[in-house]
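Engineer: First the structure, which I've put down as structure tokens, then a few questions once you've had a look.
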Amino acid sequence: MAFVTDPNPCDGSTRLGSMVLEPTRESVPRARHWFRKLIDPYRPACSIDDCVLLVSELVTNAILYGRSDEEWVVRVEWFREGPSLRVEVHNPGLPASVRLRHPDADDAHGRGLLLVDAIATSWNYGPSRFGGTVVSFELAGAWPACRFE
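Spelled out as structure tokens, the structure:
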């Protein structure tokens, strides 16, 4: 696992940090742990617990549905977009496979994007600049506008 943080987000880049994870089950708790640790110094006004839950769901989906015949990784990046926080999760899967499901009450899986849809201000998916798919979410009001200006 590798990660990067931007200690000076006001210096032109909106990226606050990133992680590169192996596509294994163990990467999900690592993503939760490191996202919490790396976002905390920025002191967002939004719920870090909500962010960690959404990161966990999207990393899990990336590992389950991101497929490649070659060696691959899951990338997580987070950005300051004015007062909002945007988180992207990249994998080599196809964007067409991203869909909001409506599972039955006794289904064991299929609620990840429902959680993202319910908690995030907005979410989106499409082609990743790394190849494959990116699924992202945004939480409005993560920081007062004046904190980074």
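Under the working numbering, think of the first position of the sequence shown as 1, with each following residue one higher.
Every residue gets a Cβ at the ideal spot worked out from N, C-alpha and C, and that includes glycine.
#1: With a Cβ-Cβ cutoff of 8 Å, do residue 87 and residue 60 count as a contact?
#2: Here's a check: name, in chain order, each residue in its chain whose Cβ is nearer than 6 Å to the Cβ of residue 124, leaving out the five neighbours to either side.
#3: Roughly how far, in whole angstroms, is the beta-carbon of residue 56 from the beta-carbon of residue 90, given that I think they are within contact range, below 8 Å?
#4: Can you check DSSP and say which residues form a bridge with residue 78?
#5: Report the partner residues of residue 124 according to the DSSP bridge assignment.
#6: Residue 44: buried (16+ other C-beta within 10 angstroms of its C-beta) or exposed?
#7: Go ahead and label residue 77 buried or exposed: buried means 16 or more other beta carbons lie within 10 angstroms of its beta carbon, across all protein chains shown.
#8: What is the rounded straight-line gap between the Cα of residue 39 and the Cα of residue 31?
Structural biologist: Result, derived from the coordinates:
#1: no
#2: Cβ neighbours of residue 124 beyond the five flanking positions: 136.
#3: Wrong, their Cβ atoms sit about 16 Å apart, outside the cutoff.
#4: 17 and 87
#5: 136
#6: buried
#7: buried
#8: 12 Å
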